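Chemist:
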């Protein structure tokens, strides 16, 4: 039995064989499948960035309209994570991950077969919905791994958020350069199909469904409120921060979220239990997630630009593919540091592990602030930043899952993923604003000045250190057993099957 923070006793549904220390090989195979699925889902975030300048021509549309191809994916992913988490708690996590993988297949096929703007936006939005795979997979980890492996498994799955985005840049740049642009989506469809088969065959379906009624009103309210805010933040630089469209969406979204919050508090079976979310450990972790997510995205926005600006214009003169390759080691570093993070979580606790990760992230930005005159210097700073993100991101789901009842784990981890998305979206807008506020003219082109890049790195460092400060206020909870003993697990599985 496990004890929730509210003091209730609830059986943790587990696979009795996979959570047995004698069958770690089988558990590792399941973790590998989940991590591969998370990696493929996160690849979609950066899939079209290499062809973004060509989208207006390829889709016969304007630059402003073409930007929705990227915005649609970010919006859908942000909305999907808490909703998928809740559905996983209600109907079983394996089913929802299978559905997410199938959505990725469908979205990729829509993009591959469509040749105009509307099908591309629809397909990219469906691809974004597949991001729900990651929080559901994270919340499943403690049900399919021995206790000694759970922290490392959660760390590895969390790392896929950054690894997929980092690997996606050079991979998609190479595919777009060597083949037709549609090949990007045929490749993503093939990868998604592999994930679908692996999840169906290798990931056990545990009777971890808690039932209940899906809160349709809550889902619609959350989607509309978030969309208003995130669209305003994403488009503020294009539309103008003082424009009626930006302000209307921003404040309209805030009002909708306030109404949504009041509705959720009165609902008997809410999409998000706001009372649980308001617990200090959960609330502060989610606030820190915004700051650390901001810090993670800042490097992804700023460093490639500095690498790709021609030398004659004050940049480092790298091609798109070369810039992606310089950034790729940083993404891989997140995966390398997953076991380090898991060890730290088991040794000093998730709170201090997250604080260490945010500190390393901030130090990486300070390094970039001082060293930005050669590609290898930015690559080194990126590696340090990514190591910090890998350590910090891994600790967040552990803090969340240790602070909520097991029946709400999926929804709570999904909400934490949403908070990270808010941080990354805000970072994109702020970095774009800073880079366009101080430019240097070379011929007929305006490019960001070196002082603008330095300000971006400094802001990223400040965001990371703010995350450290918030993390230190998270209350430390006494360690609870996340798994049943083997006899209890067997009884649960037997009862479920009968």
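In our numbering, the protein residues as written are 6 to 503.
No residue lacks a Cβ here, since even glycine has one placed at the ideal position from N, Cα and C.
The structure displayed is predicted, hence computed values, not measured ones.
Taking 6 Å as the limit between beta carbons, can you name the residues of its chain near residue 347, skipping five residues before and five after?
Modeler: Along the chain shown, read from residue 1 onward, the residue named residue 347 stands at position 342. These residues qualify, in order along the chain: 156, 157, 160.
Chemist: Quick one: residues in its chain with C-beta nearer than 8 Å to the C-beta of residue 292, no 5 flanking neighbours on either side, listed in chain order?
Modeler: For the purposes of this step, residue 292 is taken as the residue at position 287 of the chain shown. Closer than 8 Å at Cβ, skipping near neighbours: 424, 475.
Chemist: Counting only runs of 3+ residues fully inside the region 444-471, write out the beta strand (DSSP E) ranges in chain order.
Modeler: 444-447, 450-453
Chemist: Report buried or exposed for residue 378, applying the criterion of at least 16 other Cβ atoms within 10 angstroms of its Cβ.
Modeler: Counting from 1 along the chain shown, the entry for residue 378 is found at position 373. Classification of residue 378: exposed, given that the 10 Å Cβ count is below 16.
Chemist: Could you please give the first and the last residue of the uninterrupted alpha helix (DSSP H) stretch that includes residue 354?
Modeler: Stepping through the chain shown from its first residue, residue 354 is reached at position 349. Segment: none, residue 354 is in no alpha helix (DSSP H) and carries neither H nor E.
Chemist: Can we say the region 41-59 touches the region 381-399, given the rule of at least three CB pairs closer than 8 Å?
Modeler: They do not touch, by the three-pair rule.
Chemist: State the Cα-Cα distance for the pair residue 285 and residue 71, rounded to the nearest angstrom.
Modeler: On the chain shown, position 280 is the one that residue 285 refers to. On the chain shown, position 66 is the one that residue 71 refers to. Put simply, the backbone Cα of residue 285 is about 41 Å away from that of residue 71.
Chemist: May I ask you to report which of helix, strand or coil DSSP gives residue 98?
Modeler: Taking the first residue of the chain shown as position 1, residue 98 is located at position 93. Here residue 98 sits in helix by DSSP.
Chemist: Alpha carbons only, please: which of 45, 222, 147, 130 is nearest the one belonging to residue 116?
Modeler: Position 111 of the chain shown, counting from 1, holds the residue named residue 116. For the residues 45, 222, 147, 130, the minimum Cα distance to residue 116 belongs to 130.
Chemist: Specify the secondary structure class of residue 211 as computed by DSSP and reduced to three states.
Modeler: Along the chain shown, one-based indexing puts residue 211 at 206. Correct three-state label for residue 211: coil.
Chemist: Taking 8 Å as the CB-CB limit, is residue 133 close to chain D?
Modeler: The structure shown has no chain D; it contains just one protein chain.
Chemist: What separation, rounded to the nearest whole angstrom, lies between the Cα atoms of residue 353 and residue 235?
Modeler: On the chain shown, residue 353 is found 348 positions in, with the first residue counted as 1. On the chain shown, residue 235 is found 230 positions in, with the first residue counted as 1. Between residue 353 and residue 235, the C-alpha separation is close to 36 Å.
Chemist: Suppose the cutoff is 7 Å on Cβ atoms and the five residues either side in sequence are ignored; what does the same chain contact list for residue 240 look like?
Modeler: On the chain shown, position 235 is the one that residue 240 refers to. Around residue 240: 251.
Chemist: Are the region 355-371 and the region 315-329 touching, with three or more C-beta to C-beta distances below 8 Å?
Modeler: no
Chemist: Looking at C-beta atoms only, is the number of pairs between the region 272-280 and the region 338-345 that lie closer than 8 Å three or more?
Modeler: Contact fails: fewer than three Cβ-Cβ distances are below 8 Å.
Chemist: Drop a sphere of 10 angstroms on the beta-carbon of residue 79, count the other beta-carbons inside from all chains shown, and report buried for 16 or more, exposed for fewer.
Modeler: Taking the chain shown and counting its residues from 1, the one referred to as residue 79 is at position 74. Classification of residue 79: buried, given that the 10 Å Cβ count is 16 or more.
Chemist: Among 420, 361, 267, which residue has its Cα nearest to the Cα of residue 282?
Modeler: Within the chain shown, residue 282 is the residue found at index 277, counting from 1. Selected option, being the one with the closest Cα: 420.
Chemist: Thinking C-beta only, is residue 139 closer than 8 Å to residue 336?
Modeler: For the purposes of this step, residue 336 is identified with residue 331 of the chain shown, where counting begins at 1. For the purposes of this step, residue 139 is identified with residue 134 of the chain shown, where counting begins at 1. Between residue 336 and residue 139, the gap from beta carbon to beta carbon reaches 8 Å or more.
Chemist: On the premise that residue 429 lies in contact with residue 233, defined as a C-beta separation below 8 Å, what is that separation, rounded to the nearest angstrom?
Modeler: The residue given as residue 233 occupies position 228 in the chain shown. The residue given as residue 429 occupies position 424 in the chain shown. The Cβ separation is near 18 Å, so there is no contact.
Chemist: Alpha carbon to alpha carbon, what distance is there between residue 175 and residue 120?
Modeler: The residue given as residue 120 occupies position 115 in the chain shown. The residue given as residue 175 occupies position 170 in the chain shown. Roughly 24 Å separates the two Cα atoms.
Chemist: Looking only at C-alpha atoms, which of 458, 86, 67 sits nearest to residue 438?
Modeler: Working through the chain shown from its first residue, we reach residue 438 at position 433. Per the Cα distances, 458.
Chemist: Which residues mark the beginning and the end of the alpha helix (DSSP H) in which residue 407 is found?
Modeler: The count along the chain shown starts at 1 and reaches residue 407 at position 402. No alpha helix (DSSP H) contains residue 407, which DSSP labels as neither H nor E.
Chemist: Using the Cα positions of residue 199 and residue 106, report the straight-line distance between them to the nearest angstrom.
Modeler: Locating residue 199 in the chain shown gives position 194, where the first residue counts as 1. Locating residue 106 in the chain shown gives position 101, where the first residue counts as 1. Cα to Cα, the separation comes out at about 9 Å.
Chemist: With distances taken between CB atoms, is the gap from residue 387 to residue 308 smaller than 8 Å?
Modeler: The count along the chain shown starts at 1 and reaches residue 387 at position 382. The count along the chain shown starts at 1 and reaches residue 308 at position 303. Result yes, Cβ atoms of residue 387 and residue 308 sit closer than 8 Å.
Chemist: Flag this pair as yes or no: are the beta carbons of residue 47 and residue 93 separated by less than 8 Å?
Modeler: Counting from one through the chain shown, the residue named residue 47 turns up at place 42. Counting from one through the chain shown, the residue named residue 93 turns up at place 88. Contact: no.
Chemist: Residues in the same chain with beta-carbon distance under 8 Å from residue 35, minus the five sequence neighbours each way, listed in chain order, please.
Modeler: Against the chain shown, residue 35 aligns to sequence position 30. Taken in chain order, the residues that qualify are 23, 149, 150, 207, 208, 209.
Chemist: Threshold first: 3 residues or longer. Then list the beta strand (DSSP E) segments lying entirely within the region 100-176, N to C.
Modeler: Whole beta strand (DSSP E) segments, 3+ residues: zero.
Chemist: Identify, in the order they occur along the chain, each residue of the same chain with its Cβ nearer than 8 Å to the Cβ of residue 9, setting aside the five sequence neighbours on each side.
Modeler: Here the question's residue 9 lines up with position 4 in the chain shown. In this predicted model, residue 9 has a pLDDT of only 38, less than 50, meaning its place in the structure is not dependable; the value taken from the coordinates is given anyway. 15, 409, 410, 411.
Chemist: What separation, rounded to the nearest whole angstrom, lies between the Cα atoms of residue 248 and residue 326?
Modeler: The residue you call residue 248 lines up with position 243 of the chain shown. The residue you call residue 326 lines up with position 321 of the chain shown. Rounded to whole angstroms, residue 248 to residue 326 spans 36 Å at the Cα level.
Chemist: Taking Cβ to Cβ, would you say residue 370 is nearer than 8 Å to residue 466?
Modeler: Taking the first residue of the chain shown as 1, we reach residue 370 at position 365. Taking the first residue of the chain shown as 1, we reach residue 466 at position 461. Taking 8 Å as the cut-off, the beta carbon of residue 370 is found closer than this to the beta carbon of residue 466.
Chemist: Helix, strand or coil for residue 35, going by three-state DSSP, please let me know.
Modeler: Here residue 35 is taken as the residue at index 30 of the chain shown, counted from 1. Note: residue 35 maps to helix in three-state DSSP.
Chemist: Quick one: is residue 30 buried, meaning 16 or more other Cβ sit within 10 Å of its Cβ, or exposed?
Modeler: Mapped onto the chain shown, residue 30 falls at position 25. With fewer than 16 Cβ atoms within 10 Å of its Cβ, residue 30 is classed as exposed.
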